[in-house]
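Numbering (my numbering), first residue to last: 3 to 95.
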């Protein structure tokens with residue numbers, strides 16, 4: 003069994019980019035919503051409607067920016083490249 007996904011891995015850092023194809027089959031999507039969350043897929047009706055009323059197979063990716071900066075600069079500790087450190091309870095919102 004395979005999936006339509008990819009990762010860009012670099013030595014000593016790991017994954018810096020991850021991408022995958024989105025699930026476009028409505029029956030599979032609804033079954034997975036129920037299996038993964040235990041919720042009724044109708045609660046995600048707006049999302050399921052995107053598949054129901056027309057979509058094409060599409061994909062996307064995300065880049066771990068701090069990991070990319072770490073790779074490019076050679077800095078060993080990822081904490082030294084994070085411009086705005088995040089931890090529980092520190093956000094002003």
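Beta carbons: idealized from backbone N, C-alpha and C, even for Gly.
Continuous alpha helix (DSSP H) stretch holding residue i: start and end
| i | result |
| --- | --- |
| residue 32 | 28-39 |
| residue 74 | 67-75 |
Top-ranked residue by Cα proximity to residue i, from the options
| i | options | result |
| --- | --- | --- |
| residue 53 | 45, 27, 37 and 13 | 27 |
| residue 88 | 72, 14 and 68 | 68 |
| residue 29 | 14, 43, 17 and 58 | 43 |
| residue 14 | 86, 93, 73 and 39 | 73 |
| residue 10 | 79, 92, 70 and 86 | 70 |
Boundaries (first-last residue) of the beta strand (DSSP E) holding residue i
| i | result |
| --- | --- |
| residue 56 | Looking at the DSSP string, residue 56 is not in any beta strand (DSSP E), and its letter there is neither H nor E. |
| residue 9 | 7-12 |
| residue 18 | 16-23 |
Three-way DSSP call (helix, strand, coil) for residue i in this model
| i | result |
| --- | --- |
| residue 84 | coil |
| residue 44 | helix |
Own chain residues within Cβ distance below 7 Å of residue i, not counting five before or after
| i | result |
| --- | --- |
| residue 31 | 25, 50 and 53 |
Same chain, Cβ closer than 6 Å to residue i, neighbours up to 5 away in sequence not counted
| i | result |
| --- | --- |
| residue 6 | 23 |
| residue 84 | 68 |
Cβ shell of residue i (< 8 Å), same chain only, five flanking positions each side left out
| i | result |
| --- | --- |
| residue 75 | 83 |
Stretch-stretch touch, CB-based, cutoff 8 Å, three pairs: the stretch 14-27 with the stretch 57-75: yes
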